[in-house]
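Read through the structure below, which is laid out as structure tokens, and then see the notes.
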Amino acid sequence: MGMTMTQKILAAHAGLDFVEAGQLINANLDIVLGNDITTPVAINEFEKCGANSVFSKEKIILVMDHFTPNKDIKSAQQCKRSRDFANQYGISHFYDVGTVGIEHALLPEQGLVGPGDCIIGADSHTCTYGALGAFSTGVGSTDMAAGMITGKAWFKVPTAIKVILKNKPNPYVGGKDVILHLIGKIGVDGALYQSIEYTGDGVAALSMDDRFTIANMAIEAGAKNGIFPVDEKTLEYCKDRYQGDLQVFEADADAEYTRVIEIDLAALKPTVALPHLPENTKTVQEAKGLKIDQSVIGSCTNGRISDMRLAAQILKGKRVAEGVRCIVIPATQDIYLQCLKEGLAQIFVEAGAVFSVPTCGPCMGGHMGILAEGERAVSTTNRNFVGRMGHTDSEIILSSVAVAAASALTGVITDPNDLD
Amino acid sequence: MEPKGRVHKYFDNVDTDVIIPARYLNTSSHSELAAHCMEDIDKDFVKNVKQGDIVVAEKNFGCGSSREHAPIALQASGVSCVIACSFARIFYRNSINIGFPILECPEAATETKAGDELSVDFDTGVITNHTSGKTYQAQPFPDFMKNIFASGGLLKSIMNAK
Numbered sequence: 000m001g002m003t004m005t006q007k008i009l010a011a012h013a014g015l016d017f018v019e020a021g022q023l024i025n026a027n028l029d030i031v032l033g034n035d036i037t038t039p040v041a042i043n044e045f046e047k048c049g050a051n052s053v054f055s056k057e058k059i060i061l062v063m064d065h066f067t068p069n070k071d072i073k074s075a076q077q078c079k080r081s082r083d084f085a086n087q088y089g090i091s092h093f094y095d096v097g098t099v100g101i102e103h104a105l106l107p108e109q110g111l112v113g114p115g116d117c118i119i120g121a122d123s124h125t126c127t128y129g130a131l132g133a134f135s136t137g138v139g140s141t142d143m144a145a146g147m148i149t150g151k152a153w154f155k156v157p158t159a160i161k162v163i164l165k166n167k168p169n170p171y172v173g174g175k176d177v178i179l180h181l182i183g184k185i186g187v188d189g190a191l192y193q194s195i196e197y198t199g200d201g202v203a204a205l206s207m208d209d210r211f212t213i214a215n216m217a218i219e220a221g222a223k224n225g226i227f228p229v230d231e232k233t234l235e236y237c238k239d240r241y242q243g244d245l246q247v248f249e250a251d252a253d254a255e256y257t258r259v260i261e262i263d264l265a266a267l268k269p270t271v272a273l274p275h276l277p278e279n280t281k282t283v284q285e286a287k288g289l290k291i292d293q294s295v296i297g298s299c300t301n302g303r304i305s306d307m308r309l310a311a312q313i314l315k316g317k318r319v320a321e322g323v324r325c326i327v328i329p330a331t332q333d334i335y336l337q338c339l340k341e342g343l344a345q346i347f348v349e350a351g352a353v354f355s356v357p358t359c360g361p362c363m364g365g366h367m368g369i370l371a372e373g374e375r376a377v378s379t380t381n382r383n384f385v386g387r388m389g390h391t392d393s394e395i396i397l398s399s400v401a402v403a404a405a406s407a408l409t410g411v412i413t414d415p416n417d418l419d
Numbered sequence: 000m001e002p003k004g005r006v007h008k009y010f011d012n013v014d015t016d017v018i019i020p021a022r023y024l025n026t027s028s029h030s031e032l033a034a035h036c037m038e039d040i041d042k043d044f045v046k047n048v049k050q051g052d053i054v055v056a057e058k059n060f061g062c063g064s065s066r067e068h069a070p071i072a073l074q075a076s077g078v079s080c081v082i083a084c085s086f087a088r089i090f091y092r093n094s095i096n097i098g099f100p101i102l103e104c105p106e107a108a109t110e111t112k113a114g115d116e117l118s119v120d121f122d123t124g125v126i127t128n129h130t131s132g133k134t135y136q137a138q139p140f141p142d143f144m145k146n147i148f149a150s151g152g153l154l155k156s157i158m159n160a161k
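Listed in order, the protein sequences are those of chains X and A.
If you read the first sequence in numbering that gives the first Met the number 0, its first letter stands for residue 0, the second for the next number, and so on.
If you read the second sequence in numbering that gives the first Met the number 0, its first letter stands for residue 0, the second for the next number, and so on.
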């Protein structure tokens, strides 16, 4: 029996020729990541157990992205604690206001993660880097602390689901629609403890940004990781960018999968997830007409440059509907700057949207767009749980950038194909 | 370890955003986190919970964010154990890593009602419902996890081994 792509990466990082599903292994880590919410808890644990050194100054990455620019005194304290720790241990990759971006857009962009890497991050959306052909998974703060001390993490080798993507998506259908469709099909625990491995001729039709969006939301199906094969687009993306030792792994032809799912990209329609679970999916045609108070375009799921360009294309020369607050958040400083250079920022402001500095902000109800009782948002973020963006009696509808931008213009959930 | 306590019962997909809402994640103080535990799903939880109580839920408990603040808040509230049909994987890791015992047992989880009195034997995996008189067998923890509990958490087990 062969190994899946994920199993091969794990075996290589555990110094083993072969691993099988269910096996407990101790893997060497290429990157250990934390943010301004999870790092302070990791530092507490690090100090409590008497540790006094880190395994590497270059392989730990601390990104102050959630409640920054500091939204209150306590958040400022948490960043200060993280900053002091980085200074004390000489951690070179410390991203603070001015250089910071949303971690899962920032790390690939800066070339800090790449194909074949084994990565843990104390943030559930760390699975995003699977788009690059890396094994990458979210953990908690104690795992992060252990990783910072030893450079290792324990894993149970996962089984896998194979998702075969076929054909090419239609206009206004992209990565977000693919992943929402999949979660709707298998449920929020449909891939619990498992890998999702993407394959098929449809992969080539998806941009890297689409793949990041799809890998990002593997956790919303309960998965340990979601991973894409490395192809020309991946190598092109990594060229002149990725600083590590690039290694390409492929699943064996006789690798075992517990389930095989086919998705015809050409048949996919713009898809949304209604409150309060990402599995409550409908096509936008089934959901159209629902009134919204806010439209959020950004996050680690959909705040990349292609997302900004698509939003600008739809908003250009038009006005956000009266009574709707449209918040556009580029994920990193580089994307922000590109938006300025290409005139996208001007398009957003002239359309009546606000254009924010990079931050996770409203996605988890932090700041920069909290909902009041009874309000409803359409959002390109990744979770629509009760109270996620504010009041427990507010609602979130998850969507692609195209749907969020089109809906901002009309004030109701709108299929971008229906715009004039 | 053999905790015994009264049951607080929940159902499917209890996510970490309701266990401890993100608006309280600007602190890592265990007592401050405990003060808001479960408040978006059960406003009276903090008022009603007593030392040793047991949380029982059904599918996919702890899904969503990786925040370790979620098992920390439950543990600091006095909860001695969580029993569910299944757990989200990051919540599962985090609980084991901080030495907070949680057990998968679909039969016990679905049959147990709010207010029942339960006890759990972690060595054998036997769950006893003292209200209904029924017992259930959960998978006992593997030695690797028992070692983490015995050490008082993952980091202490790592430092002990150094």
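Using N, Cα and C, we set each Cβ at its ideal position, and we do this for glycine too.
Quantities reported herein were computed from a predicted structural model and do not represent experimental measurements.
When rounded, the separation of the alpha-carbon atoms in I182(X) and V45(A) is 33 Å. Look at P105(A): its C-beta is not under 8 Å from any C-beta on chain X. Beta-bridge partners of H7(A) (DSSP): V54(A).
Rounded to the nearest angstrom, the Cβ distance from I296(X) to T212(X) is 13 Å, too far for a contact under 8 Å. For I18(A), not one C-beta of chain X is nearer than 8 Å to its own C-beta. Interface with chain X (8 Å Cβ-Cβ cutoff): T130(A) is excluded. The beta-carbon separation of N224(X) and G139(X), rounded to 16 Å, does not stay under the 8 Å limit for a contact. Taken atom to atom, the span from the alpha-carbon of I42(X) to that of V283(X) is near 44 Å. Between A407(X) and C338(X), the C-beta spacing is not below 8 Å.
Contacts between N25(A) and chain X, judged by CB atoms closer than 7 Å, involve F66, D71, K73, S74, Q77 in chain order. For L153(A), at least one C-beta of chain X is nearer than 8 Å to its own C-beta.
Residue pairing by DSSP places V283(X) in no beta bridge whatsoever.
Within chain A, L154 have C-beta atoms less than 7 Å from the C-beta of E44(X), given in sequence order. Not a single C-beta of chain X is nearer than 8 Å to the C-beta of M37(A).
Nearest in C-alpha terms to A13(X), of all of G373(X), W153(X), V271(X), I218(X), is W153(X).
Under the 10 Å beta carbon count, V13(A) is surrounded by 16 or more other beta carbons and is classified as buried.
Look at Y135(A) here: in three-state DSSP terms it is strand.
Scanning chain A for C-beta atoms nearer than 9 Å to the C-beta of V385(X) yields D14, D16, V17, D39, I40, reported in chain order.
Note: T136(X) is bridge-paired with I119(X) in the DSSP secondary-structure output. Every alpha helix (DSSP H) of 4 residues or more that sits fully in the segment 152–198 of chain X is shown, in chain order, as 174–185. For Y236(X), the closest alpha carbon among the candidates S298(X), L111(X), E249(X), A75(X) is that of L111(X). Looking only at Y171(X), S123(X), R303(X), P39(X), the smallest Cα-Cα distance to I218(X) is reached by S123(X).
Assigned with DSSP and collapsed to three states, Y94(X) falls in strand.
Using beta-carbon distances, S55(X) does not count as an interface residue toward chain A, since no partner is under 8 Å. According to DSSP, K290(X) shares a beta bridge with V411(X). Nearest Cα to C104(A) within the set S65(A), K145(A), I97(A), V54(A): V54(A).
Burial check for I72(X): the Cβ neighbour count within 10 Å stays below 16, so the residue is exposed. The C-alpha of L23(X) lies about 19 Å from the C-alpha of A149(A).
Taking 9 Å as the upper bound on Cβ-Cβ separation, chain A lies near no residue of the segment 236–249 of chain X. Under a 10 Å Cβ-count criterion, V53(X) is classified as buried, with 16 or more other Cβ atoms of the shown protein chains found around its own Cβ. Around G139(X), the beta-carbon contacts reaching into chain A at under 7 Å are S65, E67, I89, R92, N93, N96.
Around the beta carbon of L28(X), 16 or more other beta carbons lie within 10 angstroms, which makes this residue buried. Linking G77(A) to A113(A) through their CA atoms gives a straight-line distance of about 17 Å.
Close CB contacts of S74(X) within its chain, under the 6 Å cut and outside five residues either way in sequence, are with F66 (chain order). Just so you know, the alpha carbons of P361(X) and Y135(A) end up roughly 43 Å apart.
Closer than 8 Å to the CB of R5(A) there is not a single CB belonging to chain X.
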